[in-house]
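Protein chains: 2
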Amino acid sequence: MTPPPSSPPAGPVASPEPLVRFRLRITRDGQVAVGPGKIELLEAVQRTGSITAAAKSLDMSYRRAWLLLDELNACLKAPAVDSAQGGAHGGGSRLTEAGQELVRLYRHVEHTAERACAADIERLKDLLAR
Amino acid sequence: MTPPPSSPPAGPVASPEPLVRFRLRITRDGQVAVGPGKIELLEAVQRTGSITAAAKSLDMSYRRAWLLLDELNACLKAPAVDSAQGGAHGGGSRLTEAGQELVRLYRHVEHTAERACAADIERLKDLLAR
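Protein sequences, first through last, are from chains A and B.
Convert by adding 15 to the 1-based position in the first sequence; the result is the number in the numbering used here.
Convert by adding 15 to the 1-based position in the second sequence; the result is the number in the numbering used here.
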């Protein structure tokens with residue numbers, strides 16, 4: 016049986032369980048060269064095959080996505096995104112090998128960090144109120 | 016010999032060496048319960064012995080520091096900061112045992128993460144332009 020849609024949830028909708036997130040930022044001259052926002056954007060380009068669709072999926076303007084990718088490409092030895100000019104689909108975009116390597120390494124670092132610190136993170140959570 | 020102060024530096028003033036930082040955030044219901052800003056503030060209280068001096072050393076208003084600490088204390092089983100009422104020095108503040116443990120664990124987690132990921136972080140840096 017589906018509960019009646021009018022009945023309020025018994026508890027808070029969001030989980031009260033604390034969420035632990037590692038964020039890795041590589042800065043140079045005080046500017047973020049690589050950070051979580053750019054990595055999410057690269058993953059969205061990889062998933063959707065275009066900057067327009069990637070921006071839309073992240074609720075970001077095309078202009079902002081383009082500027083972030085331009086900034087990122089300028090920081091790298093080789094660009095992370097390759098945009099086809101024209102073509103049947105109006106020119107899609109995809110990650111270069113360097114872009115794929117960047118995403119892979121970044122996510123691997125986060126994952127390794129979470130595993131290496133699991134015990135201390137549990138202790139940190141233990142300091143939080145229920 | 017000291018170079019003449021009027022001569023411009025030969026290269027950029029800031030080091031071009033990329034800086035890698037891990038940031039750990041513990042969120043609950045979308046709010047940051049523990050993050051780098053609050054930990055820095057606790058360390059400043061520990062160093063200076065008062066919220067006023069801590070706020071000043073971080074270029075933060077007393078009001079903002081107080082609100083951050085209040086928010087933090089509300090997230091914890093036991094408060095992180097203990098403020099003396101009155102007294103010869105107008106009431107200093109210091110970290111409780113829980114506050115000290117929080118700072119210690121947080122910094123230990125960052126340090127462990129950086130060590131565990133050192134090789135991948137070097138690979139990430141290798142993708143950056145010189």
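Beta carbons: idealized from backbone N, C-alpha and C, even for Gly.
Asked: Validate contact between the region 58-65 of chain B and the region 69-79 of chain A using beta carbons, cut 8 angstroms, 3 pairs; Found: no
Asked: For B:L142, the nearest candidate out of A:D85, A:D44, A:Q115 (CA to CA); Found: A:Q115
Asked: Residue environment, B:W50, which counts as buried when at least 16 other CB atoms sit within 10 Å; Found: Per the sequence shown, residue 50 of chain B should be read as Gly rather than Trp. B:G50 should be labelled buried.
Asked: Beta carbon proximity, A:L82 to chain B, threshold 7 angstroms; Found: no
Asked: Runs of beta strand (DSSP E) wholly within the region 37-103 of chain A (minimum 3 residues, chain order); Found: 46-49, 96-98
Asked: Helix, strand or coil at A:L9 [DSSP, three-state]; Found: Any answer about residue 9 of chain A is impossible in this case: the structure gives chain A only from 16 up to 145.
Asked: Residues of its chain near A:A89, where Cβ-Cβ distance is below 6 angstroms and the 5 sequence neighbours each way are ignored; Found: none
Asked: B:R122 - DSSP class collapsed to helix/strand/coil; Found: helix
Asked: Straight-line gap, B:E86 to A:V35 (C-alpha atoms, nearest Å); Found: 17 angstroms
Asked: Contacts that B:P33 makes with chain A (C-beta to C-beta distance below 8 angstroms); Found: I41, T42, R43, A48
Asked: For B:L139, the first and last residue of its enclosing alpha helix (DSSP H); Found: 133-141
Asked: DSSP-derived helix/strand/coil call for B:R145; Found: coil
Asked: Environment of A:D44 [buried if 16+ CB atoms lie within 10 Å]; Found: exposed
Asked: Best match in B:I136, B:L91, B:S98 for proximity to A:R138 [C-alpha to C-alpha]; Found: B:L91
Asked: Cβ-based neighbour list, A:L156, same chain, cut-off 7 angstroms, excluding 5 preceding and 5 following; Found: Because chain A is modelled from 16 through 145, residue 156 of chain A falls outside the range shown and cannot be assessed.
Asked: CB contact below 7 angstroms: A:D135 versus chain B; Found: yes
Asked: Option nearest B:G52 by Cα separation, candidates B:P31, B:Q61, B:K71, B:A80; Found: B:A80
Asked: A:L56 at chain B interface by Cβ criterion, 7 angstroms; Found: no
Asked: Identity of the residues DSSP links to A:R130 by a beta bridge; Found: In DSSP, A:R130 forms no bridge with anything.
Asked: Rounded distance between the beta-carbons of B:L83 and B:L56, thought under 8 angstroms; Found: 6 angstroms
Asked: CB contact below 7 angstroms: B:V124 versus chain A; Found: yes
Asked: Own chain partners of B:A93 with C-beta closer than 6 angstroms, once the 5 adjacent residues on each side are dropped; Found: A113
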